[in-house]
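Residue numbers (the UniProt record's numbering), protein chains in the order written: chain A, 1 to 165; chain B, 1 to 165.
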DNA sequence: TGCTTCACTTGCATCATGCAAGCATTCCGG
DNA sequence: CCGGAATGCTTGCATGATGCAAGTGAAGCA
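Pasting the structure below:
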């Protein structure tokens with residue numbers, strides 16, 4: 001049997017896993033966010049096998065997060081973030097904030113990020129509830145959105161409009 | 001050869017991929033955030049194979065994001081988010097915000113989230129630069145943190161203290 | 001022109017994934 | 001108390017992914 005194709009699911013988060021859920025993909029994006037552009041630099045900074053790196057870079061290009069940008073030489077190229085790829089940066093920062101808190105050894109985070117213009121540490125805001133505290137899953141009501149199918153409606157109940165009368 | 005063990009890397013984001021980077025893991029967490037607790041509900045809501053689900057749930061328990069909570073019956077149990085798991089919610093919301101923008105079909109997102117207390121849609125703030133605009137990767141300076149090794153220092157330059165004199 | 005650099009590809013062994021069936025234990029109705 | 005149902009998995013196997021190590025083709029450069 002083949003592997004489940006997340007790209008065929010309706011849930012956008014699931015579909016994003018079709019590219020982001022592949023092994024090394026998040027780490028390849030980390031490198032792109034940190035300024036890596038050339039194949040050999042990705043290879044060195046990640047410690048990844050070239051066949052896997054080539055496959056991931058191709059995935060990320062095909063899904064529109066990276067693009068191959070020719071170098072002045074003509075034949076050589078580098079991989080640059082697209083608007084779509086750049087737009088993933090907040091999600092990366094949120095993941096990094098969580099990882100720095102929960103997956104860091106006693107020595108502390110490996111890298112710190114600061115605003116280049118001001119020198120201030122990058123702050124990652126979290127969604128807040130009405131009481132001003134970080135929003136927890138139990139504070140949230142899940143409702144079917146416009147893209148919901150029958151199963152999602154059955155599971156999460158009426159539409160937002162219905163709920164508000 | 002075996003697979004690269006991300007858990008052995010120093011980068012917290014890489015280490016988090018040891019658990020979050022496994023296939024289905026993010027989607028299992030999605031289900032936990034949306035209130036799923038029982039094995040068969042995970043199985044049904046995800047469309048996942050039971051052997052894979054069992055393996056993922058075990059991973060998430062072992063990494064401390066979920067815990068097995070016995071039911072009153074005694075033998076049956078459910079899977080509940082821990083503090084560590086709950087703390088991943090902002091990162092999930094950021095991922096969902098990106099996926100809703102870039103991975104949604106024309107019909108729109110599958111689910112909408114709202115604050116249960118106020119009925120207001122959940123807003124996912126993004127880090128802002130000094131100019132008040134969403135922080136882009138190129139707005140950021142990467143610096144070695146306390147946990148940096150030689151390679152990270154060589155790559156990203158002096159420490160924050162050194163940079164500020 | 002020949003060596004170096006760059007961006008991969010290839011063959012192969014090992015491991016992950018997922019199907020479908022099945023198992024062990026507990027629960028529940030008659 | 002017994003048999004069927006429910007629950008939470010496990011198992012065997014075929015297929016696909018991963019990653020090592022070596023290698024390739026094209027471009028760059030002295």
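The beta carbon of each residue, even a glycine, is placed where N, CA and C say it ideally should be.
- Excluding sequence positions up to five before and after residue 109/A, its CB lies within less than 7 Å of the CB of 100, all in the same chain and listed in chain order.
- Contact between the stretch 65–81 of chain B and the stretch 106–126 of chain B is not established, with fewer than three Cβ pairs separated by less than 8 Å.
- Secondary-structure assignment with DSSP links residue 68/B through a beta bridge to 79/B.
- Closest in C-alpha terms to residue 129/A, from the list 122/A, 139/A, 123/A, comes 139/A.
- If you ignore the 5 residues before and after residue 9/B, its C-beta comes within less than 7 Å of the C-beta of 15, all in its own chain and listed in chain order.
- For residue 123/A, no beta strand (DSSP E) run applies, since DSSP gives it neither H nor E.
- In the three-state DSSP reduction, residue 141/A falls in the strand class (E or B).
- Looking at 35/A, 19/A, 28/A, the one whose alpha-carbon comes closest to that of residue 137/B is 35/A.
- Cβ contact annotation for residue 45/B (same chain, cutoff 6 Å, sequence separation greater than five): 31, 36, in chain order.
- Here residue 107/A carries a coil assignment [DSSP, helix/strand/coil].
- The shortest C-alpha to C-alpha distance from residue 4/B to any of 62/A, 59/A, 47/A is the one to 47/A.
- Closest by C-alpha distance to residue 82/B, out of 93/B, 20/B, 61/B, is 61/B.
- In chain order, 13 make up the part of chain B whose C-beta sits under 7 Å from the C-beta of residue 30/A.
- Sequence-distant partners of residue 29/A (beyond 5 residues in either direction) whose C-beta falls short of 6 Å from its own C-beta are missing from its chain.
- If you look at residue 94/B, you'll find it in the alpha helix (DSSP H) that goes 89–102.
- Following the DSSP letters along the chain, one finds residue 73/A in no alpha helix (DSSP H), marked with neither H nor E.
- Identification of residues in the stretch 136–158 of chain B having a C-beta nearer than 7 Å to some C-beta of chain A yields 136, 137, 139, 140, 141, 142, 143, 144, 145, 146, 147, 148, 152, 156, given in sequence order.
- Classified as buried, residue 90/A has 16 or more neighbouring CB atoms from the shown chains inside 10 Å of its CB.
- Note that the C-beta distance between residue 143/A and residue 112/B is below 8 Å.
- Contact annotation for residue 55/B against chain A: no contact, minimum CB-CB distance about 14 Å [criterion: below 9 Å].
- The beta carbon of residue 69/B is closer than 7 Å to those of 77, 78, 80 in its chain, skipping five residues each way along the sequence.
- Counted as a single uninterrupted DSSP element, the alpha helix (DSSP H) harbouring residue 43/A occupies residues 39–46.
- Per the DSSP secondary-structure output, residue 114/B pairs in a beta bridge with 141/A, 121/B.
- In the DSSP assignment, residue 50/A falls within the alpha helix (DSSP H) that extends over 50–62.
- At least 8 Å separates the CB of residue 43/A from every CB of chain B.
- Of the other Cβ atoms in all chains shown, fewer than 16 fall within 10 Å of the Cβ of residue 50/B; this residue is therefore exposed.
- Burial check for residue 131/B: the Cβ neighbour count within 10 Å stays below 16, so the residue is exposed.
- Taken through DSSP and simplified to helix, strand or coil, residue 134/B comes out as strand.
- One finds 129, 130, 135, 139, 140, 141 in chain A with Cβ atoms closer than 8 Å to the Cβ of residue 115/B, taken in chain order.
- In this structure, residue 123/A sits near residue 127/B, with a CB-CB distance shorter than 8 Å.
- Nearest to residue 114/A by C-alpha distance, out of 12/B, 145/B, 20/B, is 145/B.
- DSSP places residue 15/B within a helical segment (H, G or I) once states are collapsed to three.
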